[in-house]
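Okay, structure first, notes after.
There are 2 protein chains.
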Amino acid sequence: MSSSSQTADKLSRPVNITITEVAAEAEVSISAVSRAFNPNGSCSAKTRAKVFAAAEKLGYKPNRLARGLKSSSSLIGILMTDFENPAYLSILSDLTATIQEHNCHSLLINVGPQKSVTEAVELIMEYHVDGLIVTSSSLPDELVSACQRRNTPVVIFGHHSRNAPATIVSCDNVAGGRMAADALLDAGYTRPAFVGATTSAPITTDRQRGFITRLIERGCTEWTTTEGNQHSYDSGYEATCKLFTSHAKPDSVFYLDDIMACGGMDAIRYEFGLKVPEDIGIIGVDDIRLAASRAYDLTTIRQPFTDMVNTAVTALFEHIQDASMAPQNIILPCTLITRGSTRASIAGAQTA
Amino acid sequence: MSSSSQTADKLSRPVNITITEVAAEAEVSISAVSRAFNPNGSCSAKTRAKVFAAAEKLGYKPNRLARGLKSSSSLIGILMTDFENPAYLSILSDLTATIQEHNCHSLLINVGPQKSVTEAVELIMEYHVDGLIVTSSSLPDELVSACQRRNTPVVIFGHHSRNAPATIVSCDNVAGGRMAADALLDAGYTRPAFVGATTSAPITTDRQRGFITRLIERGCTEWTTTEGNQHSYDSGYEATCKLFTSHAKPDSVFYLDDIMACGGMDAIRYEFGLKVPEDIGIIGVDDIRLAASRAYDLTTIRQPFTDMVNTAVTALFEHIQDASMAPQNIILPCTLITRGSTRASIAGAQTA
DNA sequence: CTGAAAGCGCTTACAG
DNA sequence: CTGAAAGCGCTTACAG
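If you read the protein sequences in the order shown, they are chains U and X.
Take the first sequence: its position 57, counting from 1, is numbered 56 in numbering that gives the first Met the number 0, and each next residue is one higher.
Take the second sequence: its position 9, counting from 1, is numbered 8 in numbering that gives the first Met the number 0, and each next residue is one higher.
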């Protein structure tokens, strides 16, 4: 292949240029080209320079599919269920950005209601991903084991799972529930309610447990609980309408997450004409952007999403490097962010 | 390989079972197995049954990486820039779900500020994606051509691009701007402002052009324009603060999108103590979930996102099937959704 | 450090 | 319809 024909080729032909052409251009073997492009391949500086020059000239890019056949695919699977909660947009942004920093890319699987997690995992395994991050839905333990058997590390993001044989990164939901209870009682509210969601059981139960346990510890007896259908504005709104037309008349509500709290606050204000925080105190969880808006100005239990994402991705790549590493259960602390949806504390409570 | 050892294998061994093992189990050639799994491979019903039985028994899943080496990767690249605007979470949900219906999967690339679109496209090409969907950022024409040369169809989502050699699916932003102008004037506002964003030029200019052109057509002269930095609540808030402390005193604002409009509305209400819609009328674009909330109750120009996604994905797969298909410029209509952030129309205006 | 060779798991003309 | 064989683009022991 002459140099002039290559130049013409580079401009016009649609075919991909491969390692073979680079080898010819650099006058080395294809093994040498492969090693030059691999950090751990032994290769003299001179050869590497020749190879890079040739690759640059030809516009060569390695085919990751071919590489993945013998080596790693550089693909990380992300399983997502919840596309209602806006928190997941920034989580996704952080996840993909961090994965890209590791020179890998994200295969995003939408585990919608019509698709089971099992199906999703099987599908993702067909791409031989290097690792898997599961958000917003807990993965059955058998599936985690199945991944492990295939040497595919799994990190579960944001969800507890008692005894899953996988690394889990979440925040301390029980403590978060306790904080919410303290914040409400400290502000003088006496009849708190908890609004959870039927989906994603572990999160709901942990936050609820922390909340109720703490209420009881502090001698509060007039509490109620109810549930919305999903993590959405509408669910929060509807659940709140039910709650405030029931016999229980709470004076404050702890919502499972911020987006439900926003829906709930709107119901309280516009459906029942009550004032926040004077008549009703409200606390959410997450600290999504909207929580800091003037309209909602929501007191909330902040989840350290950025830290959680970094921790999760770091742990995943550690597992990818060292398959023998034991699964860890990493729980990050959450923080109370006090805003205008709760009355000023009358006790000596913590403020952010 | 005896049947009993296979059973033991299935439970314990970590290695993937491949086409070779299925062929042995089914007592056919590996070509036959391959054809059985390919819709267009000629294969007798009997052989297919044997193959499927063997595959089922062994838990065989084709390796998509290997398949992609000679055939298609079943991977669709999604390029995303904007993780601020919540509209993109549901767009992403629809995109991934629709792509999965086509038995393909989504490689999501985060084109953050530190990463150029060019880099992102080069990276994505290393995975030999079957097609590419570009959202929330316009792709330089040279890049589109580069993809075309590699036989990788590109669909641009949500953005005009005068003469890109790619299929474009967007909505009629100029008409949207005109609708907003009509809605404001019909409601009796006389000093409208437009708040755009410095990013994503084509969208901003089209909506602004439609808006201003229509204002002028109807004899309105007292209009102003300004810009936020990005598509976010904070940008809308800040731009509005500047706007309302400048010499121009608008009585209504058309925002580039809903999330900016929400920020703007909060600034108007809480920073300047003005009433919406009595003192100031507000219109956004998108119709995100938040627009329908009681707190914002935002009049908006709805983009038909679900239709746009379906159209974009359908068009992409048509191009993948038939490489010779000419690029199309598909523009879907948008609709005015009248809510409480504008006064009731005093003219005979359209209402949703 | 370097090259020839085998192999990753699949597809696809090519004969039969 | 079916099988043997070559090939997709890369990696990785194995000799040298």
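Each residue gets a CB set at the ideal place from its N, CA and C atoms; glycine is no exception.
Treat the numbers as computed from the prediction; the structure is a model and nothing was measured.
Query, Result
"Minimum Cβ-Cβ distance from R301(U) to chain X less than 8 angstroms", "no"
"Within chain X, the residues that N62(U) reaches when beta carbons sit closer than 8 angstroms", "L68, E125, H127"
"Extent of the continuous alpha helix (DSSP H) to which E309(U) belongs", "The residue asked about is misnamed: residue 309(U) is Asn in this sequence, not Glu. Segment 304-320, the alpha helix (DSSP H) holding N309(U)."
"Proximity of L64(X) and L64(U) at Cβ, strictly below 8 angstroms", "yes"
"Start and end residues, alpha helix (DSSP H) containing D166(X)", "The amino acid at residue 166(X) is misidentified as Asp; the sequence shows Thr. Premise fails: T166(X) lies in the beta strand (DSSP E), 166-170, not in any alpha helix (DSSP H)."
"Residue span of the alpha helix (DSSP H) that contains A96(U), given as start and end", "86-100"
"Residue nearest to S354(X) in terms of C-alpha spacing, selected from Q320(X), I345(X), H318(X), D306(X)", "Any question about residue 354(X) goes unanswered here, given that chain X covers just 0 to 351."
"Cross-strand partners of V116(U) (DSSP beta bridge)", "Answer by DSSP bridge pairing: none, since V116(U) is not bridged."
"Proximity test, Cβ basis, 8 angstroms: I108(U) and chain X", "yes"
"Best match in I75(X), G218(X), I330(X) for proximity to Q99(X) [C-alpha to C-alpha]", "I75(X)"
"Where D278(X) meets chain U, residues with beta-carbon distance less than 9 angstroms", "None at all; the shortest Cβ gap to chain U is about 16 angstroms."
"C-alpha distance - C333(U) paired with V194(X), whole-angstrom precision", "37 angstroms"
"Sub-8 angstroms separation of T360(X) and I281(X) beta-carbons", "Residue coverage of chain X in this structure runs from 0 to 351, which leaves residue 360(X) outside it and unanswerable."
"Buried/exposed call for H246(X), threshold 16 Cβ in 10 Å", "exposed"
"Alpha carbon of H230(U) to alpha carbon of I267(U), nearest angstrom", "18 angstroms"
"Extent of the continuous beta strand (DSSP E) run through S105(X)", "104-109"
"Every unbroken beta strand (DSSP E) inside the segment 163-233 of chain U [3 residues or more]", "166-170, 191-196, 223-227"
"Pairwise C-alpha distance: V116(U) and A238(U)", "27 angstroms"
"C-beta neighbour in chain X for N228(U), strict 8 angstroms", "no"
"Partners in chain U for T121(X), counting only beta-carbon separations shorter than 9 angstroms", "Looking at the sequence itself, residue 121(X) is Glu, so the reference to Thr does not match. Within chain U, the residues near E121(X) are K60."
"S1(U), DSSP secondary structure in three states", "Residue confidence is low: S1(U) scores 37 on pLDDT, short of 50, so the model does not pin down where it sits. Its coordinate-derived value is still stated next. It is coil, neither helix nor strand."
"Beta-carbon proximity check, I202(X) vs T134(X), cutoff 8 angstroms", "no"
"S92(U) to N109(X) span [Cα, whole Å]", "7 angstroms"
"Classification of A52(U) by the beta-carbon crowding that lies within 10 angstroms, buried from 16 upward", "exposed"
"Min CB distance A111(X) to chain U below 8 angstroms", "Ala is not the amino acid found at residue 111(X); the sequence shown has Gly there. Interface residue, yes."
"Residues near V308(X) by beta carbon distance below 7 angstroms, same chain, minus five either side", "I90, D93, L94, T97"
"Contacts that F431(U) makes with chain X (C-beta to C-beta distance below 8 angstroms)", "No statement about residue 431(U) is possible, as the shown extent of chain U runs from 0 to 351 and does not include it."
"Backbone secondary structure at V32(X) - three-state DSSP", "helix"
"Contacting positions in the segment 18-44 of chain U - beta carbon closer than 8 angstroms to chain X", "none"
"Listed by chain order, chain U residues near P326(X) by CB distance under 8 angstroms", "Correct list: empty, because the minimum Cβ distance to chain U is about 16 angstroms."
"Within 8 angstroms, strictly: CB atoms of D321(U) and G283(U)", "no"
"DSSP beta-bridge partners of D285(X)", "R301(X)"
"Endpoints, the beta strand (DSSP E) within which L273(U) is located", "Premise fails: L273(U) is in no beta strand (DSSP E) and is neither H nor E."
"Distance between M124(U) and K9(X) (C-alpha atoms, nearest Å)", "Any reading at K9(X) must be qualified, since the residue scores a pLDDT of 38, below 50, and its modelled position is unreliable; no value is offered."
"For E317(X) and V21(X), the rounded distance between their alpha carbons", "33 angstroms"
"I16(U) beta carbon less than 8 angstroms from that of S57(U)", "Looking at the sequence itself, residue 57(U) is Leu, so the reference to Ser does not match. For L57(U) and I16(U), yes; Cβs fall inside 8 angstroms."
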